[in-house]
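S.K.: Note that UniProt numbering has the sequence shown beginning at 1, numbered continuously upward.
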Amino acid sequence: MIGILMNMNQSVSQPSSSTSKNIGKTGVFIVNLGTPDSPNTPDVRKYLREFLMDGRVIDIPFIPRFLLVNGIIAPFRSPKSAKTYKEVWLPEGSPLKVYGLAVEKMLQEALGDDYVVKLGMRYQNPSIESRLMEFQKMGLTEIIVIPFFPQYASATTGSVYEEVMRVLSKWQVMPSVKFVNQFLAHPKFLQGFVQNAQKYLQAHQYDHFIFSYHGLPERQIRKGDCTKEVCKLGSCCDTLHAMNQHCYRAQCFETTRLLVKALNIPEGKYTTCFQSRLGNDPWIKPYTEDVIKELPKKGLKSVLAFSPAFVADCLETTLEVGEEYKEVFEKEGGEHWDLVESLNDSPIWVETLVDLVKTC
């Protein structure tokens, strides 16, 4: 009997060569936030409703969230948002989708035939569910999920995790699944912003450097502190350590420190701040708009701005930081404002993703 079992085990553990040739493909699922299907008001309204009804984005109970989003925000904000989307819309479509599809193609070519790369959007199209259903039919050995957010936040990376697992939980058979949590310290990610900054640094002398990140309500940061003792929304973010390593605000400050070191920016010549407030509740500080209003009063008339929470240019970078904040700065007496582009579809961003896949 023992001999029979040994022979059976040997036959199971040694698949035929014809079978092994069909095993080993890895799915690489790159996911960004999302975009309307068009810059027209109905599509923007549809996008805002899906985005803002996510309980990780507006983290209040369902009924008040439903009334707020569908009764106030989506109906009144969508026409204005549609106008702004039209300002950044490319001939090929939404910048976020255009850059994303370009990266999908470039990453597939860089990884080769052992991988299948697909782009998904947390909100709207191509949806996470539709892309995962394509993966399901391929018999993949594993899926690596890379949310396109350098710093972890519940409203971004956490939401992608939740949606991916919601879909996968319906599968009878699930392959191995790996998630990339954050990549703020990846050398090539940092190098990409340094490279993009060089043309500005070579052409102009700047008085100050702004590192502007997307903001979040303070309550969401506090919720992330499971100890209820570490988070003070202040000097607790001066270093990144075991107890605050998943704190979005602390990760943003760490990103700035790493970029400042790589760019050789002296202490006192840069500020980390947060943009895109929504509503009346307090959001994480300092607020970018408040910071830039004060700079000209201090004699700082020339600024180079970075948006290192975004890997692709969009409304929050091109329009908000690149144009709206420039107008605010100049209105207060500033003279020169430049914005460093995001990584978009640059080769070094694709190299970053290859490294993330290979080391996941």
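The C-beta atom is built at its ideal place from N, Cα and C for all residues, glycine as well. Owing to the predicted nature of the structure, the values given are computational and were not obtained by experimental measurement.
(1) Taking 6 Å as the limit between beta carbons, can you name the residues of its chain near residue 43, skipping five residues before and five after?
(2) Expressed to the nearest angstrom, what Euclidean distance is found between the alpha-carbon atoms of residue 216 and residue 47?
(3) At what residue ranges does the segment 137-178 contain a whole run of the alpha helix (DSSP H), taking only runs of 4 or more?
(4) Do residue 183 and residue 308 come within 9 Å of each other at the CB atom, strictly closer than that value?
(5) Check whether the Cβ of residue 75 lies closer than 8 Å to any heavy atom of the ligand MG, and answer yes or no.
(6) Output yes or no for whether 9 Å exceeds the beta carbon distance between residue 269 and residue 208.
(7) Buried or exposed: where does residue 90 fall if 16 or more other Cβ atoms within 10 Å of its Cβ makes it buried?
(8) Please go through the segment 67-102 and give each complete alpha helix (DSSP H) segment of 4 or more residues, from N-terminal end onward.
(9) Could you compute how far the alpha carbon of residue 253 sits from the alpha carbon of residue 231?
(10) If I measure Cβ to Cβ from residue 188 and keep anything under 7 Å in the same chain, skipping five residues before and after, which residues do I get?
(11) Going by DSSP, what residue range makes up the beta strand (DSSP E) through residue 122?
(12) Can you list, in chain order, the residues of its chain whose CB lies under 7 Å from that of residue 290, leaving out five sequence neighbours each side?
(13) Among 121, 106 and 25, which one has its Cα closest to the Cα of residue 50?
(14) Taking the C-alpha atoms as reference points, what is the distance between residue 81 and residue 39?
(15) Does the separation of the CB atoms of residue 135 and residue 29 fall below 9 Å?
(16) If I follow the unbroken beta strand (DSSP E) through residue 274, where does it start and stop?
(17) In the DSSP assignment, find the beta strand (DSSP E) that holds residue 338 and state where it starts and stops.
(18) Measure the C-alpha to C-alpha separation of residue 58 and residue 224 and round it to an integer number of angstroms.
(19) Tell me whether residue 286 sits in a helix, a strand or coil according to DSSP, three-state version.
(20) Give me the Cα-Cα distance between residue 282 and residue 317, rounded to the nearest whole angstrom.
(21) Please state whether DSSP places residue 42 in a helix, a strand or coil.
(22) On the premise that residue 340 lies in contact with residue 306, defined as a C-beta separation below 8 Å, what is that separation, rounded to the nearest angstrom?
(23) To the nearest angstrom, report how far apart residue 272 and residue 250 are at their CA atoms.
(24) Could you check what DSSP says for residue 60 in three-state terms: helix, strand or coil?
(25) Taking contact to mean 3 or more Cβ pairs, one atom from each stretch, closer than 8 Å, check whether the segment 320-336 and the segment 292-303 are in contact.
(26) What residues are listed by DSSP as bridge partners for residue 305?
(27) State buried or exposed for residue 113, treating a residue as buried only when at least 16 other CB atoms are found within 10 Å of its CB.
(28) Which residue or residues does DSSP assign as beta-bridge partners of residue 217?
(29) How many whole angstroms separate the CB atoms of residue 128 and residue 164, which I take to be in contact at a CB cut-off of 8 Å?
(30) Which residue from 130, 86, 145 and 99 puts its Cα closest to that of residue 115?
(31) Could you give the first and the last residue of the continuous alpha helix (DSSP H) run that contains residue 260?
(32) Are the CB atoms of residue 312 and residue 278 within a distance shorter than 9 Å?
(33) From residue 132 to residue 297, what distance separates their C-alpha atoms?
(34) Keeping to the same chain, check which residues put their C-beta closer than 6 Å to that of residue 33; ignore five residues upstream and five downstream.
(35) So which of 247, 295, 68 and 106 has the shortest CA-CA distance to residue 154?
(36) Going by CA-CA distance only, name the one from 169, 174, 180 and 167 that's closest to residue 157.
M.R.: On the basis of the supplied data:
(1) Here residue 43 corresponds to residue number 43 of the sequence shown, with the count starting at 1. Once the five neighbours on either side are set aside, the close Cβ partners of residue 43 are 36 and 37.
(2) Residue mapping note: residue 216 aligns to position 216 of the sequence shown, counting from 1. Residue mapping note: residue 47 aligns to position 47 of the sequence shown, counting from 1. Going from the Cα of residue 216 to the Cα of residue 47 covers about 19 Å.
(3) 159-168
(4) As a first step, residue 308 is located in the sequence shown; it is residue number 308 there, counting from the start. As a first step, residue 183 is located in the sequence shown; it is residue number 183 there, counting from the start. Contact: no.
(5) Although the ligand MG was asked about, the structure shown includes no ligands whatsoever.
(6) In the sequence shown, the residue the question calls residue 269 occupies position 269. In the sequence shown, the residue the question calls residue 208 occupies position 208. Contact: yes.
(7) For this step, residue 90 is matched to residue 90 along the sequence shown. Label assigned to residue 90: exposed.
(8) The segment 67-102 is shown to contain whole alpha helix (DSSP H) runs of 4 or more residues at 74-88, in chain order.
(9) Counted from its first residue, the sequence shown places residue 253 at position 253. Counted from its first residue, the sequence shown places residue 231 at position 231. Using only the alpha carbons, I get a separation of about 14 Å.
(10) Mapped onto the sequence shown, residue 188 falls at position 188. The residues are 348, 351, 352 and 355.
(11) Position 122 of the sequence shown holds residue 122. Taken as a continuous stretch (DSSP letters only), the beta strand (DSSP E) holding residue 122 covers 115-123.
(12) Within the sequence shown, the letter at position 290 stands for residue 290. Hits under 7 Å: none found.
(13) As a first step, residue 50 must be located in the sequence shown, where it is residue number 50. Its Cα nearest to that of residue 50, the residue 121 stands out among 121, 106 and 25.
(14) For the purposes of this step, residue 81 is identified with residue 81 of the sequence shown, where counting begins at 1. For the purposes of this step, residue 39 is identified with residue 39 of the sequence shown, where counting begins at 1. Cα to Cα, the separation comes out at about 8 Å.
(15) The residue given as residue 135 occupies position 135 in the sequence shown. The residue given as residue 29 occupies position 29 in the sequence shown. The Cβ-Cβ distance between residue 135 and residue 29 falls below 9 Å.
(16) By one-based count along the sequence shown, residue 274 stands at place 274. Here the beta strand (DSSP E) through residue 274 covers 270-275.
(17) Counted from its first residue, the sequence shown places residue 338 at position 338. In the DSSP annotation of this structure, the continuous segment of the beta strand (DSSP E) that includes residue 338 starts and ends at 336-339.
(18) Counted from its first residue, the sequence shown places residue 58 at position 58. Counted from its first residue, the sequence shown places residue 224 at position 224. Rounded to whole angstroms, residue 58 to residue 224 spans 15 Å at the Cα level.
(19) If you number the sequence shown from 1, residue 286 lands on position 286. The answer is coil: DSSP assigns residue 286 none of H, G, I, E or B.
(20) What you label residue 282 is simply residue 282 of the sequence shown in a count that begins at 1. What you label residue 317 is simply residue 317 of the sequence shown in a count that begins at 1. Cα to Cα, the separation comes out at about 22 Å.
(21) Looking up residue 42 in the sequence shown gives position 42. Helix.
(22) In the sequence shown, residue 306 corresponds to position 306, counting from 1. In the sequence shown, residue 340 corresponds to position 340, counting from 1. Right, their Cβ atoms sit about 5 Å apart.
(23) Within the sequence shown, residue 272 is the residue found at index 272, counting from 1. Within the sequence shown, residue 250 is the residue found at index 250, counting from 1. Near 11 Å, if we compare the C-alpha coordinates of residue 250 and residue 272.
(24) The residue given as residue 60 occupies position 60 in the sequence shown. DSSP places residue 60 in coil when its eight states are reduced to three.
(25) Between the segment 320-336 and the segment 292-303, the count of Cβ pairs shorter than 8 Å is three or higher; the stretches touch.
(26) As a working note, residue 305 is residue 305 in the sequence shown. DSSP output for residue 305 lists 210 and 339 as bridge partner(s).
(27) As a working mapping, residue 113 is identified with position 113 in the sequence shown. Classification for residue 113: exposed.
(28) In the sequence shown, the residue the question calls residue 217 occupies position 217. In the DSSP assignment, residue 217 is bridged to 283.
(29) Position 128 of the sequence shown holds residue 128. Position 164 of the sequence shown holds residue 164. Right, their Cβ atoms sit about 6 Å apart.
(30) Residue 115 sits at position 115 when you count from the first residue of the sequence shown. Comparing Cα positions, the closest option is 145.
(31) Sequence index remark: in the sequence shown, residue 260 carries index 260 (1-based). First-last of the alpha helix (DSSP H) with residue 260: 248-263.
(32) To locate residue 278, count along the sequence shown from 1; it is residue 278. To locate residue 312, count along the sequence shown from 1; it is residue 312. Taking 9 Å as the Cβ cut-off, residue 278 and residue 312 do not qualify as a contacting pair.
(33) Here the question's residue 132 lines up with position 132 in the sequence shown. Here the question's residue 297 lines up with position 297 in the sequence shown. One C-alpha to the other measures close to 52 Å.
(34) Along the sequence shown, one-based indexing puts residue 33 at 33. Hits under 6 Å: 122.
(35) Here the question's residue 154 lines up with position 154 in the sequence shown. Checking every option, the nearest Cα to that of residue 154 belongs to 247.
(36) Looking up residue 157 in the sequence shown gives position 157. Looking at the Cα atoms, 180 is the closest of the given residues.
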